[in-house]
Structures are given as C-alpha cells and as structure tokens.
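Numbering (our numbering), first residue to last: 112 to 405. Written below as structure tokens is the structure these notes are about.
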Ligand code: PLP
C-alpha cells in the first residue's frame, strides 16, 4: 500500500515557548486539494523547502535540514521556522513511514496573496527506487549556470544559498542533460568553476583527497555532502572545500553526486568521456548513508 501523509502547520513565532505544538498541526488528506489558488508558492515559487530521506522509519539528519530551512527562510525574508515545532511535525510524518525508503518534504511558503501569514506543510511519500543509480552510476554533462563564482556576494537577491521552491531552471537543466544523452548535469560558473548538480552536491576524489566546491553562497551546502565528509574524515581521508576549475572534473580519480534521497551516485562519464568509478567506496558510502544518521 502506498502510504502518503500530509500535515498543515500553523507556523509559530520563533520565540514561542511552548514545548508541545500538536494543536498547530492539521492532518489533511494527501490525495485531496489543500492549497488556496492564491498560494504564492504555486504562483511564484515564493517559498523554501527541504527534502529529508527516511530509512525504515528513521528521518535522516533532521537537525541539519531544519537549520538549512531556517537559513533559507532568513535569506528570503520569511519568518524563521520554530525548530521544535518543525521537528515535531517531522516526527509525526516519520511515524507514518513504513519499512523502506521514504521522503519527507517540508515547505514554508510566503502564503496566500494579500494573506496575513505564511503557509506551511509537511508531506511524506515513498521515495523513488534509486538502487540502480547507486549501483551503476550516472553520466553527466556540464552546463553553463550563467554567472561568476562570486555572484552570490554581489547579488544576494538571487538567493543562491537558499533552497527555494523556484526549481524551474534546475528541472530545465535536467531535461537538457537528458537531451544530450546523459542522466544528470553539473553546473559550471561562467568563469569556469564547478558548482553543483540541479538537485545534488558534487564530490571529487583526487588521490586520497576529497574535494567539493566551497558553499560560499553560490550553491547549496548539502547535508549529504557534510555527512559523507564526516564519514570520510573518520576513515582518515583528507576532506576539503575549494574552487575547482572545470578542467579538474574529467581528471578526477572518482566523482559522485550526493543528495538526501538518491544518496551517492558515482559519475561514470563527464561530457561523453569515461571517468574512473570506485565501486567499493560507492557501496560503502551508500551503506553508511542508509544507516540511521542524526
Ligand atoms: N544542491 C541542490 C541544488 C539541491 O537541490 C540539493 C538537494 O536537493 C543538494 C545540492 C543536495 O542537498 P542535500 O544533500 O541536503 O539533499
């Protein structure tokens, strides 16, 4: 049976001192319409969100996701989500997830046009099956993101470090990658540095060193990348952030796209040229990412 779940949240102020927020939640039918036609999330993509992986009922890395939701809200001038309230909403959603992999989504929208408050909700649904991608890897193409590496500092209104609901560009990049015969894309800055994928972070291995693009505002700081780095550092590997020229990508000893639900997918080819694949490490990373993580 497909178990879908949806909970509307009446957002509490960040300084609300209650410890139990049960009466701010309204369970709704996940298959029935729930949003107003004036909703600014649907009209303009004006809101922020998070996708949390759930494995056998355990929601992974909830605190890092809630912290990033708060960071995104701050960048978008949205009210800062109350951490305890949202954690309790995630717990309610996780309690509905059965064995296997699920995804919990948290959405905080600007609200209804001319309305007084933001709209917020949480959903849970079975995750897509990513076992083939985890085992066989993915081919990527590089795509121009159209701005320089330092744009986030110069133009904060582009909201580049925020996980906003405006993913039309990211989805268009994925379609372009498919048109070019690849599975996914890696964005490059206009000045020639690697950034991230439309829905994932990039990690390269160069010898025994791992490197990922600096999350200095131009890209999202991935919770999965942070978790993978913790694991690799625990294994004694050097893990680094850096400005990575696009020319380093096809020369890497291995590379992965990592994200909360797909987990670690080895990159098998970049722009049609094969890349070495570290199958043992990929399997190890996915085993780790599937284990309960807080
Ligand atoms: N970068 C972008 C643009 C994303 O959309 C995502 C996830 O959706 C990520 C990176 C990876 O983030 P996380 O590992 O927290 O899922």
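The beta carbon of each residue, even a glycine, is placed where N, CA and C say it ideally should be.
**Asked** For residue 144, does the three-state DSSP call read helix, strand or coil?
**Response** Here residue 144 refers to the residue found at position 33 of the chain shown. Under the three-state reduction of DSSP, residue 144 is assigned to coil, being neither helix nor strand.
**Prompt:** Taking C-alpha atoms, which residue in 286, 142, 390, 212 lies nearest to residue 308?
**Reply:** Working through the chain shown from its first residue, we reach residue 308 at position 197. Comparing Cα-Cα distances from residue 308 to each of 286, 142, 390, 212, the minimum goes to 286.
**Prompt:** Exposed or buried, what is residue 329 when buried is set at 16 or more other beta-carbons lying within 10 Å of its beta-carbon?
**Reply:** If you number the chain shown from 1, residue 329 lands on position 218. Flag for residue 329 reads buried.
**Item:** CA-to-CA distance, residue 260 to residue 115, given in whole angstroms
**Value:** For the purposes of this step, residue 115 is identified with residue 4 of the chain shown, where counting begins at 1. For the purposes of this step, residue 260 is identified with residue 149 of the chain shown, where counting begins at 1. Residue 115 and residue 260: Cα-Cα distance of roughly 40 Å.
**Item:** Stretch pair the segment 232-246 + the segment 197-214: three plus CB contacts closer than 8 Å
**Value:** Judged by Cβ distances under 8 Å, the segment 232-246 makes contact with the segment 197-214, as three or more pairs qualify.
**Prompt:** If you measure from the CB of residue 307, is any heavy atom of the ligand PLP nearer than 8 Å?
**Reply:** Indexing the chain shown from 1 puts residue 307 at position 196. The nearest non-hydrogen atom of the ligand PLP is less than 8 Å from the C-beta of residue 307.
**Request:** Enumerate in chain order the residues of its own chain whose CB-to-CB distance from residue 157 is below 6 Å, with the five nearest sequence positions on each side excluded.
**Result:** One-based indexing of the chain shown puts residue 157 at position 46. For residue 157, the CB contacts under 6 Å within the same chain, skipping 5 residues up- and downstream, are 151, 221 in chain order.
**Message:** Along the chain, where does the beta strand (DSSP E) containing residue 245 start, and where does it finish?
**Reply:** As a working mapping, residue 245 is identified with position 134 in the chain shown. Secondary structure note for residue 245: it is in no beta strand (DSSP E), and the uninterrupted alpha helix (DSSP H) holding it is 242-247.
**Request:** Kindly examine the ligand PLP and report whether one of its heavy atoms sits closer than 8 Å to the Cβ of residue 331.
**Result:** Reading the chain shown from its first residue, position 220 is the one you call residue 331. It does: the Cβ of residue 331 is within 8 Å (strictly closer) of some heavy atom of the ligand PLP.
**Message:** At a threshold of 8 Å, does residue 372 count as lining the ligand PLP (C-beta to nearest heavy atom)?
**Reply:** In the chain shown, counting from the first residue as 1, residue 372 sits at position 261. The answer is yes for residue 372.
**Message:** Here's a check: name, in chain order, each residue in its chain whose Cβ is nearer than 8 Å to the Cβ of residue 357, leaving out the five neighbours to either side.
**Reply:** For the purposes of this step, residue 357 is taken as residue 246 along the chain shown, with counting starting at 1. Around residue 357: 253, 299, 303, 304, 305.
**Message:** Since residue 200 and residue 120 should fall inside the 8 Å C-beta cutoff, what is the C-beta to C-beta distance between them, to a whole number of angstroms?
**Reply:** Walking along the chain shown from the start, residue 200 turns up at place 89. Walking along the chain shown from the start, residue 120 turns up at place 9. The beta carbons of residue 200 and residue 120 sit about 6 Å from each other, so the pair counts as a contact at 8 Å.
**Prompt:** Where does residue 138 land, buried or exposed, given buried means 16+ other C-beta within 10 angstroms?
**Reply:** Position 27 of the chain shown holds residue 138. Per the 10 Å Cβ criterion, exposed.
**Prompt:** CA-CA distance, residue 296 and residue 226?
**Reply:** For the purposes of this step, residue 296 is taken as the residue at position 185 of the chain shown. For the purposes of this step, residue 226 is taken as the residue at position 115 of the chain shown. C-alpha separation (whole angstroms): 38 Å.
**Beta-carbon gap between residue 190 and residue 180 smaller than 9 Å** = Mapped onto the chain shown, residue 190 falls at position 79. Mapped onto the chain shown, residue 180 falls at position 69. The Cβ-Cβ distance between residue 190 and residue 180 does not fall below 9 Å.
**Request:** Compute the Euclidean distance between the alpha carbons of residue 168 and residue 117, then round it to the nearest angstrom.
**Result:** Along the chain shown, read from residue 1 onward, the residue named residue 168 stands at position 57. Along the chain shown, read from residue 1 onward, the residue named residue 117 stands at position 6. Approximately 16 Å, taken between the alpha carbons.
**Prompt:** Do residue 403 and residue 382 have their C-beta atoms closer together than 9 Å?
**Reply:** As a working mapping, residue 403 is identified with position 292 in the chain shown. As a working mapping, residue 382 is identified with position 271 in the chain shown. A distance of 9 Å or more separates the beta carbons of residue 403 and residue 382.
**Prompt:** Is residue 347 buried or exposed, if buried means 16 or more other CB atoms sit within 10 Å of its CB?
**Reply:** Position 236 of the chain shown holds residue 347. Exposed is the call here.
**Asked** What are the boundary residues of the beta strand (DSSP E) that residue 161 is part of?
**Response** Position 50 of the chain shown, counted from the start, is the residue given in the question as residue 161. 158-166 is the extent of the beta strand (DSSP E) around residue 161.
**Message:** Just to confirm my understanding: we take residue 209, look at its own chain, exclude 5 residues before and 5 after, and list those with CB closer than 8 Å. What are they?
**Reply:** Residue numbering aside, residue 209 sits at position 98 when the chain shown is read from its first letter. 114, 168.
**Prompt:** Per DSSP, what kind of secondary structure is residue 128 in: helix, strand or coil?
**Reply:** On the chain shown, residue 128 is found 17 positions in, with the first residue counted as 1. Coil at residue 128, not helix or strand.
**Asked** Which word fits residue 408, buried or exposed, when buried means at least 16 other C-beta atoms lie within 10 angstroms of its C-beta?
**Response** Missing from the structure shown is residue 408; the chain here goes from 112 to 405 and no further.
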